[in-house]
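Line order of the protein sequences matches chains A and B.
Once you know that position 2 of the first sequence is 2 in my numbering, the rest is easy, because the numbers rise by one and skip nothing.
Here my numbering runs 1000 ahead of the position in the second sequence, where the first position is 1.
Just so it is clear, CB atoms sit at the ideal spot from N, CA and C, and this is done for glycine as well.
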Amino acid sequence: MPLVLEKRAERSTRMALLSPVIAIALTLITGAVLFAIRGIEPLHGLYVYFVEPLTQMWSVEQLIVKATPLVLIGVGLAVCYTANVWNIGAEGQFTMGAILGGMIPVLFPAWQSPLTLITMLLFGILGGMAWAAIPALLKTRFNANEILTSLMLVYVAQLLLDWLVRGPWRDPQGFNFPKTITFDGWQLLPMLSGSIHLGVLFALAAALVLAFVMARMLKGFEIRVSGNAPRAGRFAGFSRPRTIMFCFLLSGGLAGLAGITEVASVVAQLQPQISPGYGFTAIIVAFLGRLNPIGAIFAGLMLALSYLGGEAAQVTLGLSDRIAKVFQGILLFYILACDTLILYRFRWLKTQVSAAVQPAE
Amino acid sequence: MDATTAVFLTIVTAATPLLLAALGELVTERSGVLNLGVEGMMVMGAVAGFGAGFLSGNPYIGIFAAILAGMAMALLFGLLTLTLVTNQVATGLSLTLLGLGLSGLLGESFVGEPGVRLPKWLGIDILIPVSFILVAAVSYVLFRTKIGLVIRAVGDSHASAHALGYRVTLVRYACVLFGGACSGLAGGYLSLAYTPQWVENMTAGRGWIALALVVFSSWLPWRLVVGAYLFGAISILAYTVQTFALGIPSQLLLSLPYIATILALVLISASRRLTRSNAPACLGQPFVPDR
């Protein structure tokens, strides 16, 4: 093998910032090839998918609305993954946040006061935290793999929501459709401008606070050490179980907040489908954003664009909107591949003999 | 055929895809690679199997395509984790996300189409005896042959295996590809025998359950059979109870396999003896040879 990987002496900061740019460029090239295969003029396809949604006011608003849950979940996951804690059940925590928060308007439909909304949001956060606490406890108490348990709980949460909206919480005046009553008044988030709701401020606040915590506070240091050098962390007296619990409660709470934010605005009711997979897409947000809360804002907008572009491709190009998921998956692959260059570089290996003869560098 | 046999046969059909996928992942993990993309490889196997079977009219071509699709996905995973030494957890996740997205796109025109079905031999699906033969073969190769010894050595201490002159990366590629082939086969079984049709996300978390089964089996092939049949029984129980209409919500019954997976993981993981003794020591760790 002439071309080999060689470990860099230190992490390349330049590559860490360049890698997502290269990954996005490679995704665009792949997209162009895919469009060409489907007989669509590649540049026209890329324009419709990635540029046109940014040219109109209403679609820019949509972009921000869709980025809101992605950023909220993504910043929490970024902290988790930094600590080497693998919460991949954010979709389930999102669903539980929506269920617990949505319980308030369903059970007390007549309660209309600012307190209604505040209670809903708090219950949403609690729902997400409670659901996330399960895999965290099972990990710290029984050493059960958190990847598998958190993922299994996604299915359980979705089935619970399905049962609620088809059974006890179904709208009696809803013509037997599987949905609850429609929320209104103080059961919905106030609008800021156009279709942008208050939730966008939650996302920005979460990102800024977490960026400060991770960069400037002891807790952030503890999380980074726990992920990068667990042994050093133990010697420093940082408790690994506490870090695991903290990360799960944080990311679960944010996912729960995203869940209640989404049903108290865009969806405006509970129904079997409340998310186009935001909890899973947020995993890509976390990685594309360099596991950095501020980076997650840009990454969230990028992935929101992939959803919008999918819709545009369906309307204008006659493609399936499922192409969005494909682009998202390809993007994550490219990011991970490009990230190799942060820690390693490629080097041409000369033939074994000459390499052995040469003196050590 | 009396009722007991019928119930037993349905349990077997529900257990077989889990067994096949878990067996492939077991070999992959024994070589020290954690591939969380089982669900993605499986669902690609399902769509490729259905598509090739539907278009050619031949279910055997379908099964062959399913295996190839699983291997293609595994090759992608190998290129990233083995050649580019990316994080295995993240890469496995992205393999699942890509597989679910791509299969949905590719399978769009197959939704609602009648599929072809693998013919039964002596009243059972051919893949059921195949799954047992595979378990026996894997068990034999892993523990009774030199190849197996090398695989386990690579999984337990890649540095030592490398120092002894074994091609760590090559062995891992082979094991990852075997895992992909098994996952693809499991997916093909779903769309060509279990329910001969294509439904988006039709694997419904079975790939993840298969991953849990590997932990449950504490990396021993024969224990996979116990685990897979236990889970097959639980999911069939859910459907059987549903037909008696006891007023139990169907969603609760449908969530039983997932809850059971969590319970099984907790019970097994709590015992250090079971998990620590067989878990490959280098599981999930990247390998770059020193030069």
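Inter-residue spacing [alpha-carbon to alpha-carbon] between residue i and residue j
i, j, result
"valine 285 of chain A", "methionine 129 of chain A", "20 Å"
"valine 1141 of chain B", "glycine 1148 of chain B", "5 Å"
"tryptophan 1219 of chain B", "arginine 1030 of chain B", "7 Å"
"isoleucine 24 of chain A", "cysteine 247 of chain A", "29 Å"
"glycine 45 of chain A", "arginine 231 of chain A", "50 Å"
"methionine 1071 of chain B", "alanine 1065 of chain B", "10 Å"
"tyrosine 1166 of chain B", "leucine 1080 of chain B", "21 Å"
"alanine 215 of chain A", "threonine 1091 of chain B", "27 Å"
"proline 1129 of chain B", "alanine 1136 of chain B", "11 Å"
"serine 1094 of chain B", "isoleucine 1133 of chain B", "32 Å"
"isoleucine 134 of chain A", "alanine 32 of chain A", "43 Å"
"serine 1235 of chain B", "tryptophan 1198 of chain B", "20 Å"
"leucine 305 of chain A", "glycine 279 of chain A", "16 Å"
"alanine 355 of chain A", "asparagine 87 of chain A", "Because alanine 355 of chain A sits at a pLDDT of 46, beneath the cut-off of 50, its placement in the model cannot be relied upon, and the following sentence gives the value as read from the coordinates. Rounded to the nearest angstrom, the two C-alpha atoms are 45 Å apart."
"leucine 303 of chain A", "isoleucine 297 of chain A", "10 Å"
"glutamate 1113 of chain B", "threonine 1261 of chain B", "33 Å"
"leucine 1127 of chain B", "isoleucine 1067 of chain B", "13 Å"
"valine 1012 of chain B", "leucine 153 of chain A", "26 Å"
"leucine 77 of chain A", "alanine 157 of chain A", "19 Å"
"valine 1241 of chain B", "proline 1059 of chain B", "32 Å"
"leucine 26 of chain A", "leucine 308 of chain A", "19 Å"
"arginine 362 of chain A", "isoleucine 1248 of chain B", "Since the first residue of chain A shown is 1 and the last is 361, residue 362 of chain A is not available in this structure."
"alanine 312 of chain A", "tryptophan 1121 of chain B", "49 Å"
"leucine 1213 of chain B", "leucine 1237 of chain B", "19 Å"
"phenylalanine 1008 of chain B", "serine 1131 of chain B", "16 Å"
"asparagine 1278 of chain B", "valine 1033 of chain B", "14 Å"
"alanine 282 of chain A", "glycine 300 of chain A", "8 Å"
"leucine 201 of chain A", "isoleucine 64 of chain A", "11 Å"
"proline 359 of chain A", "leucine 349 of chain A", "Only weak support exists for where proline 359 of chain A lies, its pLDDT of 48 falling under 50; the coordinates are left without a value."
Paired residues, beta bridge with residue i - DSSP
i, result
"tyrosine 344 of chain A", "A:Lys7"
"aspartate 1125 of chain B", "B:Lys1120"
"histidine 197 of chain A", "A:Met191"
Residue closest to residue i, alpha-carbon to alpha-carbon, out of the options
i, options, result
"isoleucine 73 of chain A", "A:Gln269, A:Ile196, A:Ile40 and A:Gly289", "A:Gly289"
"glycine 1078 of chain B", "B:Thr1004, B:Thr1028, B:Val1007 and B:Val1150", "B:Thr1028"
"proline 1221 of chain B", "B:Pro1249, B:Phe1110 and B:Leu1018", "B:Leu1018"
"leucine 1253 of chain B", "A:Leu54, A:Leu159 and A:Leu204", "A:Leu159"
"arginine 14 of chain A", "A:Gln93, A:Asp184 and A:Leu343", "A:Leu343"
"alanine 90 of chain A", "A:Phe108, A:Leu70 and A:Met103", "A:Leu70"
"alanine 1052 of chain B", "B:Ala1021, B:Leu1106, B:Arg1273 and B:Leu1076", "B:Leu1106"
"leucine 218 of chain A", "A:Leu201, A:Gly237 and A:Ala203", "A:Gly237"
"leucine 204 of chain A", "A:Thr30, A:Pro293, A:Arg11 and A:Met152", "A:Pro293"
"leucine 1150 of chain B", "B:Leu1068, B:Ile1126, B:Leu1127 and B:Cys1175", "Looking at the sequence provided, one finds valine at residue 1150 of chain B rather than leucine. That would be B:Cys1175, whose Cα lies nearest to the Cα of valine 1150 of chain B."
"alanine 987 of chain B", "B:Ala1014, B:Ala1021 and B:Phe1008", "In the structure as shown, chain B starts at 1001 and stops at 1291, and residue 987 of chain B therefore has no counterpart that could be examined."
"proline 1280 of chain B", "B:Leu1246, B:Ser1255 and B:Ser1217", "B:Ser1217"
"glutamate 61 of chain A", "A:Ala313, A:Leu250, A:Ser193 and A:Gly185", "A:Ser193"
"threonine 1203 of chain B", "B:Leu1036, B:Ser1191 and B:Leu1076", "B:Ser1191"
"alanine 16 of chain A", "A:Cys338, A:Leu317 and A:Leu349", "A:Cys338"
"cysteine 1282 of chain B", "B:Thr1004, B:Leu1075, B:Ala1270 and B:Ala1161", "B:Ala1161"
"arginine 11 of chain A", "A:Thr340, A:Gly253, A:Arg347 and A:Trp348", "A:Thr340"
"valine 1111 of chain B", "B:Leu1164, B:Phe1050, B:Val1288 and B:Gly1101", "B:Phe1050"
"leucine 1102 of chain B", "B:Met1073, B:Gly1179, B:Phe1054 and B:Ala1210", "B:Met1073"
"glutamine 93 of chain A", "A:Thr119, A:Gly124, A:Leu301 and A:Phe108", "A:Gly124"
"isoleucine 1124 of chain B", "B:Arg1273, B:Ser1269, B:Tyr1258 and B:Ala1006", "B:Ala1006"
"alanine 1159 of chain B", "B:Thr1010, B:Thr1004, B:Val1288 and B:Arg1117", "B:Val1288"
"glycine 227 of chain A", "A:Gly318, A:Leu148 and A:Tyr81", "A:Tyr81"
Closer than 6 Å: residue i CB and nearest the ligand GTP heavy atom
i, result
"alanine 1212 of chain B", "Because no ligand of any kind appears in the structure shown, any question about the ligand GTP cannot be addressed here."
Contact belief for residue i with residue j at Cβ below 8 Å, rounded distance in angstroms
i, j, result
"glutamine 187 of chain A", "proline 105 of chain A", "4 Å"
"valine 1138 of chain B", "leucine 1023 of chain B", "6 Å"
"serine 320 of chain A", "glutamate 1108 of chain B", "5 Å"
"leucine 1185 of chain B", "glycine 1099 of chain B", "Actually they do not touch by this definition, with Cβ atoms about 15 Å apart."
"alanine 19 of chain A", "isoleucine 335 of chain A", "Per the sequence shown, the amino acid found at residue 19 of chain A is serine instead of alanine. With 8 Å as the limit, serine 19 of chain A and isoleucine 335 of chain A qualify as a contact, their Cβ atoms being about 6 Å apart."
"glycine 1284 of chain B", "glutamine 1088 of chain B", "5 Å"
"alanine 136 of chain A", "threonine 243 of chain A", "Their Cβ separation, rounded to whole angstroms, is 10 Å, which puts alanine 136 of chain A and threonine 243 of chain A out of contact at 8 Å."
"leucine 161 of chain A", "proline 272 of chain A", "7 Å"
"threonine 1086 of chain B", "glycine 1040 of chain B", "Not really, about 15 Å apart at Cβ, beyond 8 Å."
Legend entry - Any 3 or more C-beta pairs closer than 8 Å across the stretch 38-54 of chain A and the stretch 252-266 of chain A: As far as the Cβ criterion goes, the stretch 38-54 of chain A does not touch the stretch 252-266 of chain A, which means the pair count is below three.
Inset, instruction - Give a yes or no on contact between the stretch 114-123 of chain A and the stretch 1225-1234 of chain B, applying the rule of three or more CB pairs nearer than 8 Å. - result: As far as the Cβ criterion goes, the stretch 114-123 of chain A does not touch the stretch 1225-1234 of chain B, which means the pair count is below three.
Inset, instruction - Check whether the stretch 139-147 of chain A touches the stretch 266-274 of chain A, taking contact to mean three or more Cβ pairs, one atom from each stretch, closer than 8 Å. - result: The stretch 139-147 of chain A makes no contact with the stretch 266-274 of chain A; the number of CB pairs closer than 8 Å stays below 3.
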